[in-house]
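Residue numbers (the working numbering), protein chains in the order written: chain A, 24 to 753; chain B, 21 to 247.
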């Protein structure tokens with residue numbers, strides 16, 4: 024087939040991009056070459072709309088071993104140990120085929136981590152669905168949860184934390200973001216940079232089939248009514264093969280045979296081979312006849328663009344082929360020498376004894392398009408003025424019931440009970456806490472991880488929202504007693520070609536950058552998912568932040584359950600009564616406008632660090648950060664988990680009771696302390712100029728607010744635990 | 021005391037079991053499924069996981085692994101063989117213990133703590149335990165035990181039920197049944213009681229910091245019984 028402009032457009036390329044390809048090659052590309060360009064130049068692989076802005080993110084730090092640009096980020100957790108981690112989206116495929124889409128999302132991110140030599144030790148996920156009333160929501164939720172569980176459970180990696188939300192803006196575009204942490208010795212990290220000439224290029228893992236062809240291109244476009252036709256672009260996962268691939272790779276990595284290794288993820292063999300060559304400033308020659316294929320008569324085009332899962336590309340040291348083959352044979356995996364490194368700086372493909380493609384590597388990578396898209400700055404919305412009667416007419420108990428049973432606050436146990444969260448025998452804080460925590464096997468250390476997003480805040484004011492998500496991640500780590508180290512981000516947005524959506528992206532990224540810089544909480548890996556959009560309607564901007572922190576001695580980990588009757592409960596941080604964009608305002612008052620709560624980074628840092636110092640001194644019995652649903656929601660969860668009540672004092676503050684209980688001011692935590700330490704705790708907080716107040720005292724089985732509102736723990740539990748189970752069983 | 025944990029392709033609780041056995045004093049060896057010879061062992065454990073990806077039917081392919089012949093011989097000669105979760109599924113596929121394991125009643129994977137009641141202490145696994153109700157952990161998709169009426173009668177006549185799902189007080193009412201298992205059966209013996217298959221994972225309950233410590237009592241006691 025002769026390539027022309029129309030074929031290029033059908034491949035998702037723009038007219039001027041096609042022209043640029045012809046100029047770079049000084050000729051018309053053939054179909055295979057065009058396919059390769061389209062795979063490398065799509066939004067998903069090239070970051071053409073986002074690169075310019077991502078540069079602003081802080082990516083360095085004392086603990087950062089590897090920042091963005093590799094398969095995953097790497098941080099130092101001392102004693103020669105390192106954590107490899109990353110989050111990635113699999114939104115588009117999960118909407119088309121929820122089970123396989125979610126499953127391969129989990130498989131892909133685990134591969135990114137073990138490609139670097141790390142054994143995966145924890146999975147997390149952030150999943151977002153349309154309105155519960157929408158006809159697709161239930162099936163999508165069930166399919167995604169089964170898919171995540173189906174893959175992660177089989178791999179034997181615990182799923183330790185996550186986040187789920189429902190919002191009508193995801194009706195046509197759900198979000199599935201999967202995150203994995205792996206453990207590696209600092210001196211045994213593997214990278215994707217090829218080096219040396221005439222080194223064998225090895226293909227291992229599953230056979231290549233016709234699944235997932237153009238998956239990355241599909242993920243770089245909006246949806247329309249023909250979405251069902253895109254099913255063949257979704258990959259099919261085989262977690263069993265991936266488990267074998269993991270064990271085989273780690274076995275090979277124990278020796279010194281590997282020069283470079285890269286998993287075949289988005290854009291399959293194309294991007295893996297090109298990335299290795301590009302990083303090594305080399306050429307690469309592949310003989311496609313040698314690629315193990317699952318189906319007959321596959322063309323070079325199909326082989327290069329297949330996104331079949333569970334495959335790796337390795338550049339080996341000369342003479343190590345037999346040793347490597349023996350390992351992959353043991354694990355019943357395909358193994359083939361399919362090419363070699365060259366000094367031509369070209370990617371050259373051979374098939375049936377003919378050269379079928381020859382492209383300079385730099386044209387695909389460095390010369391890929393980069394756009395400075397137009398974007399619109401958002402204004403900070405005006406604050407709402409609520410009449411006093413609006414609040415005084417409400418019954419606290421009724422409001423609390425509605426808030427605790429809201430779909431975005433209620434317990435997500437129905438979901439995480441379907442994920443194996445205890446395999447590997449090191450999970451010391453399971454899902455449902457502020458962060459998931461796993462021990463570093465055989466040591467006293469533990470790693471905490473959390474994944475967060477606040478689409479409503481980001482939608483109301485992207486800059487503030489971006490800062491808020493980072494701050495929330497930081498708080499969730501501190502609440503379990505972990506020192507925050509670094510983050511990974513998954514940036515889910517609408518179309519970058521729309522000025523409003525692009526503006527949301529630019530300002531969220533700025534917010535993330537500002538907060539992570541101030542909190543010394545750098546971004547070490549991530550991915551961008553644009554075009555989460557059906558026709559003209561994009562999702563609410565949803566950056567997901569995955570945070571990782573270290574607990575030096577796991578015995579000092581903090582949980583949120585109230586521990587002991589008569590202990591005192593304090594609030595760290597000031598409650599000012601910011602109601603706009605709170606869950607209360609949006610669901611009880613039906614008020615969707617107004618600015619999100621302000622982020623004061625100085626207070627965030629100061630409050631968080633002060634709490635960590637109290638934890639170090641062993642003053643903290645339980646802790647929980649205050650986020651969605653406000654102070655009373657946070658306290659309710661501590662009561663439910665600890666099966667204990669609290670007597671809440673009348674607040675001295677001037678704001679109304681409703682504002683005090685349900686506002687979502689940031690930078691706040693609830694802590695439980697032994698009364699005998701009160702003086703000491705207050706002294707430290709005062710010394711650090713941290714705002715604090717006494718909330719109340721722990722009592723048996725009842726929550727009493729200002730002596731008039733009484734709610735039993737059983738009532739709190741019934742408000743909070745039933746919504747999701749009921750929803751899924753009807 | 022010497023133990024062997026078998027690793028099949030897709031096993032994923034093999035390391036956890038190794039850690040648990042060693043913690044309580046066993047000299048454990050990891051044995052590859054494709055080996056012919058079983059090392060000299062006082063206890064053989066088939067660990068949890070997804071051997072062969074649970075494809076075809078859970079445990080069915082692993083039951084035909086090379087090493088299984090020597091394990092079957094070992095069991096027939098009275099050796100202790102314990103199958104946990106996927107290991108239990110493998111055991112029923114070999115026919116060493118009766119019955120089958122179906123998909124969970126609500127068709128969903130379940131990962132949570134459960135209570136189990138020990139029914140029969142006249143065996144090497146449970147004798148000398150000073151309590152009857154244990155808190156263990158389950159994590160499975162196919163743990164719904166089923167057998168024919170005739171088999172059930174035989175099982176009951178021979179006291180082959182090892183553990184039942186129950187509540188913290190040992191009540192074995194149907195509402196404490198997490199997966200639809202016949203009569204709340206969570207684990208079962210062969211006739212001679214030297215082969216034990218059970219869905220719960222004692223190896224995940226060996227530390228205060230984990231989900232609980234009842235697994236520690238089980239392993240410590242097991243070691244003393246074998247000594």
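In this text, a Cβ means the ideal position worked out from N, Cα and C, and glycines have one as well. Model, not experiment: these values are computed from the prediction.
Those residues of the region 28-45 of chain B placed with their C-beta closer than 7 Å to a C-beta in chain A are 29, 30, 32, 33, 36, 39, ordered along the chain. Counting C-beta atoms within 10 angstroms of its own C-beta, residue 55 of chain A has 16 or more neighbours from the protein chains shown and is therefore classed as buried. Counting other Cβ atoms within 10 Å of its Cβ, residue 65 of chain A reaches 16 or more and is therefore classed as buried. Boundaries of the beta strand (DSSP E) harbouring residue 208 of chain A: 198-208, taken from the DSSP string. No Cβ-Cβ contact shorter than 7 Å links residue 490 of chain A with residue 655 of chain A. Those residues of the region 110-138 of chain B placed with their C-beta closer than 8 Å to a C-beta in chain A are 128, 129, 130, 131, 132, ordered along the chain. A Cβ-Cβ distance of about 6 Å is found for the pair residue 189 of chain A and residue 154 of chain A, placing them in contact under the 8 Å criterion. By DSSP's assignment, residue 509 of chain A forms a beta bridge with A/571. Note on the region 711-738 of chain A: whole beta strand (DSSP E) runs with a minimum of 3 residues are 715-722, 725-728, 732-735, in chain order. When rounded, the separation of the alpha-carbon atoms in residue 699 of chain A and residue 591 of chain A is 9 Å. A contact between stretches requires three or more CB pairs, one per stretch, nearer than 8 Å, and the region 347-354 of chain A meets this requirement with the region 270-277 of chain A.
The Cβ of residue 486 of chain A sits no closer than 7 Å to any Cβ of chain B.
Residues of chain B whose Cβ lies closer than 9 Å to the Cβ of residue 617 of chain A do not exist, since the nearest Cβ in that chain is about 40 Å away. Within the same chain, 161, 164, 165, 437 come within 8 Å of residue 751 of chain A by CB-CB distance, once the 5 residues on both sides are set aside. When the beta-carbon positions are compared, residue 178 of chain A and residue 109 of chain A stay at least 7 Å from each other.
Look at residue 224 of chain B: its C-beta is under 7 Å from a C-beta on chain A. CA-CA distance, residue 587 of chain A to residue 682 of chain A, rounds to 28 Å. Note on residue 24 of chain A: under 16 other CB atoms within 10 angstroms of its CB, so exposed under the neighbour-count rule.
Residues of the region 121-136 of chain A with a Cβ closer than 9 Å to any Cβ of chain B: none.
A distance below 6 Å between beta-carbons, with the five flanking residues on each side excluded, links residue 524 of chain A to the following residues of its chain, in chain order: 516, 517, 518, 561. For residue 387 of chain A, the closest C-alpha among the options A/444, A/334, A/299 is that of A/299. Close to residue 231 of chain B, with beta-carbon spacing below 7 Å, are these residues of chain A in chain order: 445. Sequence-ordered contacts of the region 72-86 of chain B with chain A read 72, 73, 74, 75 [C-beta pairs closer than 8 Å]. In this structure residue 41 of chain B touches residue 48 of chain B by the C-beta definition: roughly 4 Å separates them, less than 8 Å. When DSSP reads this structure, residue 556 of chain A sits in a beta bridge with A/561. At a Cβ-Cβ threshold of 7 Å, residue 183 of chain A and residue 557 of chain A do not count as neighbours.
For residue 122 of chain B, the closest C-alpha among the options B/224, B/199, B/24 is that of B/199. By the criterion of a C-beta distance shorter than 6 Å, residue 76 of chain A is surrounded in its chain by 529, 532, once the five residues flanking it on both sides are discounted. In terms of Cα proximity to residue 492 of chain A, the closest of A/473, A/502, A/505, A/508 is A/473. Checking the DSSP bridge columns, you'll see residue 77 of chain B has no partner listed. For residue 69 of chain B, the C-beta contacts it makes with chain A under 7 Å involve 179, in order along the chain.
Contact check between the region 601-615 of chain A and the region 662-672 of chain A: fewer than three CB pairs, one atom from each, fall below 8 Å, which does not count as touching.
Residue contact with chain A for residue 53 of chain B: absent (no Cβ-Cβ distance below 7 Å to any residue of chain A). Counted as a single uninterrupted DSSP element, the stretch harbouring residue 196 of chain B is not any beta strand (DSSP E), since DSSP gives it neither H nor E.
Among the CB atoms of chain B, none fall inside 7 Å of the CB of residue 83 of chain A.
Secondary structure of residue 238 of chain B (DSSP, three-state): helix.
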